[in-house]
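I have placed the structure first, in the form of structure tokens, so that the comments after it can refer back to it.
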Amino acid sequence: MIAGIFLRYFKTYQGIHYIPITDEDRFCGLVGDNGIGKSSVLEALDCFFNEKTWNFNIATKRSGKSATKPQIVPLFLVEKEQIAADIREKAELLHNIVLSISEDDVSPKVKGYLRRFIEHRNEIACKNDLDNFYLLPIGMDYKGGISVSVFNCRLLVEGVISCDVAADKTSLDSGELEELRPLLEGLKQLVEYIYIPKEMDPELFTKLETAEIQILMGETLTQILSERVTARQIADINTSLISFLNTLSDELEVYSYRTPTDRQQNLKKTDVYNLIIQAFFNIRKLHKKQGDSWLEISSLSSGEKQKAIIDVAHSLLSRHRDSGSNLIIGVDEPESSLHMSACFDQFDALYDISRDCMQVIFSSHWYGFLPTIESGSATIISKVETNHVFDQINLASYREQVKQMTSQSRGRLPYDIRLKSVNDFVQSVITSSIGDNPFNWIICEGSSEKIYLSKYLQDIIDDKRLRVVPVGGAKEVKRLYNHLSTSYEDFKDEISGKIILISDTDSELVNYEVANYDNLICRRIVNCSNAGTTTLVKIQSNPVSPATDIESALNGRLFFETLKTFIQEYQDLLSFLDDITDEIAENSSHFSLDLRASQWASIQTFFNSDNNKFVFAKRYADSINETYETPGWIQEIRGWLE
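This is the structure we're talking about:
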């Protein structure tokens, strides 16, 4: 995937700039004000991969290309095994330079740009095993020549030529850089890039004969037709038609229908395929089902057209294309023309798309995805005076990172990102909960909670437009409730959907007052020892103990059976489960297993290890069926929604 990019005199960017895009994840956002340079990154990648026309910076138009030397240099993060053997030596050379380079290795005028790269390189190295990956900055200049941006330094000279080269030679010329062209071409062959600009015509984009749709399908119309209209069928058509012409010639005696040359041309496969494409596919346009009728895409609203592009891409990638492992999709402002209530769904679909392909890179003004997406990155682009500034945040820990940026008082962020992200998300929740066909929302602490709730309430997700959103802990649930309750007061007579917030009972309870609203419900999961079951209580209500997380509130029998599947991998923590022979009850897992405190501590250690909460949740959810009772507290949530 593309971890970052060096741009020089391209569109918004005057001079050299390094823009970090991701440190590990495939879902990558670029956010910031209009004209700040978000779409420039997406457009530059389109020029690089698809040979589109360059959009030069205005300074280049004044001073000329030879003076400004525009360049596009992506930073590839690629598994070593993907690199062909014949170019691996060059990849190893460039990768080693990337890992070892310091500010002392480059000229003073590019030290600042290299410094930002080194910060990002170190973040990438912390999150990825670079023994298995190459980091390769390689691209092209405005003439199509090879460029490695700031890495064209003495280290590269010694690597490409030799250490005996003259001491004053500090960079390679364009001819010497051509040594790296096989590496560049090899990397480009690993990637298919689709760019969906904001001004893209949805009607044109969604036609089956466009290159973008065929890339999303993973097959061309010609390939599709070759399977359905075979060479044998075309030969039979030619034979039959020739037979007809021969008969006609016999009847006409001294006349015949012929081509101008002695060799009589038959129908070729390409002739037949082109005719079918024109006569069959070209006349068909994307339609959306509305009730019992079909509405042509040109008749949809601007927002519906924008949504259709993402929906089609999502469906083709997940259901038609064999693999999207080599596909990068760039989307410019996917929220464009959408009503605020539809933004969450659009970004949720984009996140799902990113799981089915190599990478999704998008630009956006909507910050509501920041507190709701479980993993990914966001590069916040701003300006300090006339200089671009880039803050790349890992969404898995974005709250902590933004707090750190704030405490350091860098003065880099244009406004409070946390506040704007929550405000955008709250607006989306409130506006989507209004009307005759509202969305319903469950806001929970983490991704494992989302897995359990989504599985148990799958039918309601489909039938009642339910959205389950993890926000990263009880403190974040509290924060969202405070924002939601303020907005709810203004719209409570119009809100018809349910907004439900669910928290665990932590050992250090996050306490706050919760009002009695009909459609804004905030509850805490707690194991009630007196009743021997898990209940849902208001945040400020009793009981306030014991500490209860969702794993201790599941179906006991299924919890036990799922936990046993991990014994072999975690013998030291879970082997005692093999000694349990009694039948396990179906009430809450906390009460169904009669375990010592030390054994519960081992189970807790298991859940706190590696990524076990998530892996366990997936395995548990996959085993849910009608033979296991649904926990009562989940049935209570179902009752609110039904």
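Per my numbering, the sequence shown starts with residue 17, numbered consecutively. Each residue gets a CB set at the ideal place from its N, CA and C atoms; glycine is no exception. Every value quoted in this text rests on a predicted model; they were computed, and no experiment measured them.
For this session: Look at the alpha carbon of S352 and the alpha carbon of G319, and state the distance between them as a whole number of angstroms.
Result: Cα to Cα, the separation comes out at about 7 angstroms.
Problem set entry | Whole-angstrom distance between A83 and T76, CA atom to CA atom | Taking the straight line from one Cα to the other gives about 8 angstroms.
For this session: Count the other CB atoms, across all protein chains shown, that sit within 10 Å of the CB of E228; report buried if there are 16 or more and exposed otherwise.
Result: Within 10 angstroms of the beta-carbon of E228 lie 16 or more other beta-carbons, which makes it buried.
Exercise. For M233, which of helix, strand or coil comes out of DSSP?
Worked result: It is helical.
Exercise. Smallest Cα separation from K480: which of F455, S604, A141?
Worked result: Nearest of F455, S604, A141 to K480, Cα basis: F455.
Exercise. Beta strand (DSSP E) containing N342: first to last residue?
Worked result: Run containing N342: 340-348, per the beta strand (DSSP E) assignment.
For this session: Note down the Cα distance separating I162 from E201, rounded to an integer number of angstroms.
Result: Rounded to whole angstroms, I162 to E201 spans 10 angstroms at the Cα level.
Exercise. Does the stretch 203-213 touch the stretch 328-347, meaning 3 or more C-beta pairs lie closer than 8 angstroms?
Worked result: Yes, since at least three Cβ pairs between the stretch 328-347 and the stretch 203-213 fall closer than 8 angstroms, the two stretches touch.
Problem set entry | According to DSSP, residues forming a beta bridge with H136 | Beta bridge pairing from DSSP links H136 with no other residue.
Problem set entry | V181 classed as buried or exposed, judged by whether at least 16 other C-beta atoms fall within 10 angstroms | That one is exposed.
For this session: Using alpha carbons as the reference points, say which of G392, H606, K580, I35 lies closest to I596.
Result: Shortest Cα-Cα distance from I596 to any of G392, H606, K580, I35 involves K580.
For this session: Could you tell me which residues DSSP pairs with I88 in its beta bridges?
Result: Paired residues: L23, M156.
For this session: To the nearest angstrom, report how far apart Q239 and E492 are at their CA atoms.
Result: Taking C-alpha positions only, Q239 is separated from E492 by approximately 50 angstroms.
Exercise. Using 8 angstroms as the Cβ pair cut-off and three pairs as the minimum, do the stretch 598-607 and the stretch 541-554 touch?
Worked result: Between the stretch 598-607 and the stretch 541-554 there are three or more inter-stretch CB-CB distances shorter than 8 angstroms, so the stretches are counted as touching.
Exercise. Taking the beta strand (DSSP E) that W310 falls in, what are its first and last residues?
Worked result: Start and end: 309-312.
Problem set entry | G160 classed as buried or exposed, judged by whether at least 16 other C-beta atoms fall within 10 angstroms | A residue is called buried once 16 or more other Cβ atoms fall within 10 Å of its Cβ, and G160, having fewer, is exposed.
Problem set entry | Same chain only: Cβ atoms within 6 angstroms of D121, ignoring 5 sequence neighbours per side | The beta carbon of D121 lies closer than 6 angstroms to those of C169, L171 in the same chain, with the five residues before and after it left out.
For this session: To the nearest angstrom, report how far apart S557 and C538 are at their CA atoms.
Result: Spanning the two alpha carbons is a distance of roughly 11 angstroms.
For this session: Sort K305, Y273, R248, G384 by Cα distance to F260 and report the nearest one.
Result: Per the C-alpha coordinates, the member of K305, Y273, R248, G384 positioned closest to F260 is Y273.
Exercise. Can the beta-carbon of E510 be found closer than 8 angstroms to that of I433?
Worked result: No.
Problem set entry | Same chain, Cβ closer than 7 angstroms to A295, neighbours up to 5 away in sequence not counted | Counting only Cβ-Cβ distances below 7 angstroms, and skipping sequence neighbours, we find nothing.
Exercise. Looking at C-beta atoms only, is the number of pairs between the stretch 383-401 and the stretch 111-127 that lie closer than 8 angstroms three or more?
Worked result: Note that the stretch 383-401 does not touch the stretch 111-127; fewer than 3 beta-carbon pairs, one per stretch, sit closer than 8 angstroms.
For this session: Grab the span of the alpha helix (DSSP H) containing A247 for me, first residue to last.
Result: If you look at A247, you'll find it in the alpha helix (DSSP H) that goes 247-268.
Exercise. In angstroms, rounded to a whole number, what distance separates the CA positions of C373 and L232?
Worked result: Rounded to the nearest angstrom, the two C-alpha atoms are 10 angstroms apart.
For this session: Please check the pair N144 and L93, which I expect to be a contact at CB under 8 angstroms, by giving their CB distance rounded to whole angstroms.
Result: That belief holds up - the Cβ atoms of N144 and L93 are roughly 7 angstroms apart, short of 8 angstroms.
For this session: Please name the residue in C544, R540, T564, A569 whose C-alpha comes closest to that of I555.
Result: In terms of CA proximity to I555, R540 leads the group C544, R540, T564, A569.
Exercise. What residue from F360, G489, V542, A569 has the CA that sits closest to V13's CA?
Worked result: Past the edges of the chain, shown from 17 to 658, lies residue 13, and the structure says nothing about it.
For this session: Measuring alpha carbon to alpha carbon, tell me which of E465, P198, M356, E192 ends up nearest V445.
Result: The shortest C-alpha to C-alpha distance from V445 to any of E465, P198, M356, E192 is the one to M356.
Exercise. Leaving out five residues before and five after K81 in sequence, what residues of the same chain have Cβ atoms less than 6 angstroms from its Cβ?
Worked result: A distance below 6 angstroms between beta-carbons, with the five flanking residues on each side excluded, links K81 to the following residues of its chain, in chain order: Y158.
Exercise. Which residue or residues does DSSP assign as beta-bridge partners of K399?
Worked result: For K399, which the question treats as bridged, DSSP gives the partners H404.
Exercise. Leaving out five residues before and five after E529 in sequence, what residues of the same chain have Cβ atoms less than 8 angstroms from its Cβ?
Worked result: The beta carbon of E529 is closer than 8 angstroms to those of I555, Q556 in its chain, skipping five residues each way along the sequence.
For this session: Examine the Cβ distances between the stretch 21-32 and the stretch 49-58 and report whether three or more of them are shorter than 8 angstroms.
Result: Taking a cut-off of 8 angstroms for Cβ pairs, the stretch 21-32 and the stretch 49-58 touch, as three or more such pairs fall below it.
Exercise. What are the partner residues of P36, as DSSP defines its beta bridges?
Worked result: Answer is G20, bridged to P36.
For this session: Note down the Cα distance separating T286 from T222, rounded to an integer number of angstroms.
Result: Near 23 angstroms, if we compare the C-alpha coordinates of T222 and T286.
Exercise. Counting along the chain, where does the alpha helix (DSSP H) carrying Y273 start and finish?
Worked result: Here Y273 belongs to no alpha helix (DSSP H), and DSSP marks it neither H nor E.
Problem set entry | Enclosing beta strand (DSSP E) for F43 [first to last residue] | Boundaries of the beta strand (DSSP E) harbouring F43: 43-48, taken from the DSSP string.
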